[in-house]
Amino acid sequence: MFKKILIANRGEIACRVIKTARKMGIQTVAVYSDADRDARHVELADEAVHIGAAPSRESYLMADRIIEACRKTGAEAVHPGYGFLSENEAFARRVEEEGIVFIGPKHHSIAAMGDKIASKKLANEAKVNTIPGYNEAIDTPEQAVEIAKGIGYPVMIKASAGGGGKGLRVAFNDKEALEGFTACRNEARNSFGDDRIFIEKFVEQPRHIEIQVLGDSQGHVIYLNERECSIQRRHQKVIEEAPSPFISEATRKAMGEQAVALAKAVNYQSAGTVEFVVGKDQDFYFLEMNTRLQVEHPVTECITGLDLVELMIRIAAGEPLPLTQADVKRDGWAMECRINAEDPFRNFLPSTGRLVKFQPPAESLSAAEPNAPDAYGVRVDTGVYEGGEIPMYYDSMIAKLIVHGRDRAHAIALMREALNGFAIRGIHSNIPFQAALLAHPKFVSGDFNTGFIAEHYGQGFRAEDVPHDDPDFLVALAAYAHRRYRARASGISGQLAGHGVKVGEQFVVVTLAADGAHRHTPVSVTDFQGATGASAVQVGGRSYQLESRSPLGGIRVEGRVDGQPFTAQVERGAGKNPLALRVQHNGTQIEAMVLSPLGARLQALMPYKAPPDMSKFLLSPMPGLLVDVAVKEGQQVQAGEKLAVIEAMKMENVLFAAQDGVVGKIAAAKGESLAVDQVILEFN
């Protein structure tokens with residue numbers, strides 16, 4: 001077994017590998033860029049080596065520097081994680097040639113399966129069903145349009161070296177094929193250093209289901225069931241689960257055996273994933289093979305009780321698989337939500353900056369020691385910490401929230417409670433969106449495909465898209481928290497006689513609205529005699545029995561309502577109004593002032609101040625790098641015309657004109673780093 005390994009990655013996956021290595025008694029070496037000098041993976045590793053500037057092409061994609069770090073530290077093996085160089089055949093070969101062990105498949109397997117075009121050809125030769133397409137590299141946008149027309153729209157334009165949604169577009173007509181080819185090629189060149197593009201038929205209403213495989217150096221290959229990955233937004237997975245609520249036992253077996261046959265054809269040695277697109281009649285087609293550890297590997301670990309990182313390390317060290325296909329378990333139901341640094345209410349734009357608060361829910365499962373069968377609970381895999389920075393140079397995922405339940409309904413319930421207790425401040429996160437997905441009737445019933453998000457949230461995501469099943473509970477919780485604050489204040493010593501804080505029982509909860517149309521709700525709060533932190537809260541005709549021992553001043557509130565446990569978030573002065581309480585539960589958020597009846601009457605007399613009109617300005621919707629300004633001063637533009645391009649978190653974001661107009665002043669220059677809401681240009 002290795003004494004020391006180097007992790008050629010960053011973020012949560014680097015931290016994940018370190019946990020298992022530590023359990024196995026193996027020392028670890030981290031590598032880091034300028035932006036990651038204070039990152040969590042650097043702190044957790046036994047040693048750390050600086051490898052370059054913040055952009056990944058100047059650090060994490062620099063194979064020479066990573067190999068030099070191995071020589072410098074005496075690392076015997078390299079774990080590449082996912083992304084970056086994990087599926088780079090040249091890097092794997094270089095590592096092997098240097099006498100260092102690559103903790104992953106051999107370079108020839110990566111060459112055969114990691115390359116999307118080569119893998120399609122190999123699958124065809126192995127008599128595996130593949131989707132119709134053009135599997136040669138395409139040279140020009142015009143050629144791409146002709147090929148797309150020949151296959152028949154819609155088509156999928158895809159980078160050969162792509163992954164993680166980068167270098168991928170779906171085109172429904174010639175114009176989209178032309179633009180999509182160019183965009184894919186640029187993204188592929190920047191992200192992977194390989195701009196080859198191919199095109200295939202896009203199967204409408206498909207499911208994305210993948211099979212986890214494991215192979216050792218003795219020629220044994222097994223599959224570890226499937227993962228359902230159909231909940232995707234712009235080809236990026238959002239929620240993954242295992243097993244799939246869709247496929248039958250017969251389909252599972254057929255897909256697993258086909259995945260094993262494919263892996264054996266290339267002498268696959270490590271963990272890998274064979275992805276399939278599955279039709280409504282459970283007919284399935286080979287999509288691609290990811291020759292690395294997947295982001296969503298924890299859900300497989302939960303239902304099988306296996307540590308995939310440990311198995312990868314043992315296989316790389318030459319050990320045989322410790323189990324056969326018959327030994328593979330499938331216990332309970334696991335689910336993973338990707339917690340991303342993005343603002344779902346602003347079209348999921350990246351959100352970078354300092355994590356002022358980062359308080360994930362309490363863990364009951366370990367990443368390095370996957371739960372044994374019949375152990376259920378919560379796990380958090382992350383590479384960040386409270387007070388740390390979310391840089392703009394890398395992908396937007398800051399944590400993975402994983403739950404393991406008895407069945408699917410139990411897993412959904414566990415996940416909703418875990419999301420309720422996940423407190424993130426300083427940046428925006430997609431937690432409200434995740435909460436909405438988990439509550440959607442079609443998701444709950446398992447009736448969805450890869451078009452689910454586009455179908456139900458095609459016009460973007462709004463606060464109204466997260467309907468709470470009992471909105472008065474949020475009002476009751478605001479009043480309950482306010483009265484607890486009042487009760488604490490009433491006990492402060494040294495108050496002026498006759499002018500001390502009075503607790504009171506009658507309040508009005510003023511739910512604040514952006515347009516000034518605030519809602520006034522009379523509420524009464526009565527404490528239970530002899531019960532600490534227990535109150536009866538009357539809202540309209542409904543009475544809530546609320547109890548919590550959570551300390552005042554914290555964000556997370558845990559307690560019971562009408563005898564049932566709940567987790568919510570309550571904080572003072574968090575919104576635009578310093579007097580308001582912000583209350584969050586099940587993805588719904590309100591800002592409310594809790595006032596006396598007289599205070600509420602006076603508040604209703606306050607005039608509404610409308611926000612300033614910013615329609616004449618193009619503002620940066622996120623922090624990022626301004627890579628292009630597509631217009632000039634004095635230029636006439638039409639609605640829908642491209643104005644500027646901002647790059648953040650490895651994705652290009654194009655800003656378009658919302659209406660016709662004439663460009664007045666350009667306030668920001670190409671190459672400038674922009675802050676959120678910074679003016680880029682002004683219209684006359």
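No gaps in the numbering here: position 308 of the sequence shown is 308 in our numbering, and each next residue is one more.
The C-beta atom is built at its ideal place from N, Cα and C for all residues, glycine as well.
Only a predicted model underlies this, so the values are computations on that prediction, with no experimental measurement involved.
8 Å contact criterion, which residue i and residue j should meet: CB distance rounded
| i | j | result |
| --- | --- | --- |
| S270 | P105 | 5 Å |
| I199 | V155 | 5 Å |
| R227 | E249 | At roughly 16 Å, the Cβ-Cβ gap does not stay under 8 Å, so R227 and E249 are not in contact. |
| E296 | E336 | 5 Å |
| W333 | R408 | 5 Å |
| P141 | L85 | About 29 Å; that fails the 8 Å criterion. |
| I398 | A341 | 5 Å |
| A126 | A265 | 5 Å |
| L512 | M392 | Wrong, their Cβ atoms sit about 32 Å apart, outside the cutoff. |
| V213 | V274 | 6 Å |
| N290 | H468 | Not really, about 38 Å apart at Cβ, beyond 8 Å. |
| N225 | P243 | 6 Å |
| N9 | P80 | 6 Å |
Beta-carbon proximity check, residue i vs residue j, cutoff 8 Å
| i | j | result |
| --- | --- | --- |
| V662 | A644 | no |
| Q638 | D660 | yes |
| L293 | H235 | no |
| H41 | C70 | no |
| E12 | K609 | no |
| A536 | S543 | yes |
| Q569 | V557 | yes |
| C184 | I147 | no |
| V523 | A487 | no |
| I431 | F422 | yes |
| A254 | D307 | no |
| S33 | A54 | yes |
| I18 | K3 | no |
| G446 | Q205 | no |
| M649 | P344 | no |
| I666 | E633 | yes |
| G383 | A39 | yes |
| F192 | G162 | yes |
| V128 | L262 | yes |
For residue i: DSSP bridge partner residues
| i | result |
| --- | --- |
| A334 | A242, H404 |
| E210 | R227, E275 |
| V594 | V509 |
| I646 | L626, N653 |
| M289 | V274 |
| H50 | Y32 |
| F452 | For F452, which the question treats as bridged, DSSP gives no partner whatsoever. |
| R470 | In the sequence as presented, Arg is not what sits at residue 470; that position holds Asp. In DSSP, D470 forms no bridge with anything. |
| N340 | M397 |
As assigned by DSSP and simplified to three states, the class of residue i
| i | result |
| --- | --- |
| K702 | Given a span of 1 to 684 for the chain in the structure shown, any question on residue 702 remains unanswerable. |
| E204 | coil |
| S351 | coil |
| S524 | strand |
| Q325 | helix |
| H79 | strand |
| R379 | strand |
| L365 | coil |
| R40 | helix |
| R519 | strand |
| F345 | helix |
| S217 | coil |
| A603 | With the sequence shown as reference, residue 603 is identified as Gln, and Ala is not the correct amino acid for it. It is helical. |
| S615 | coil |
| K4 | strand |
| V662 | strand |
| S56 | helix |
| V299 | helix |
| L306 | coil |
| V637 | strand |
| L674 | strand |
Practice task
Would you list, in sequence order, the uninterrupted beta strand (DSSP E) runs of no fewer than 3 residues that lie entirely inside the region 383 to 448?
Solution key: 397 to 405, 423 to 425
Exercise for the section: Enumerate, from N- to C-terminal direction, the unbroken alpha helix (DSSP H) stretches of 4 or more residues contained entirely within the region 220 to 262. Expected result: The region 220 to 262 contains no whole alpha helix (DSSP H) run of 4 or more residues.
Practice task
Ignoring anything shorter than 4 residues or poking outside the region 529 to 587, list the alpha helix (DSSP H) runs there in chain order.
Solution key: none
Handout entry: Entirely enclosed beta strand (DSSP E) segments - the region 129 to 202, minimum 3 residues
Key = Qualifying beta strand (DSSP E) stretches, in chain order: 155 to 163, 166 to 171, 197 to 201.
Exercise for the section: For the region 82 to 136, list the alpha helix (DSSP H) runs that are entirely contained and at least 4 residues long, ordered along the chain. Expected result: 89 to 97, 116 to 125
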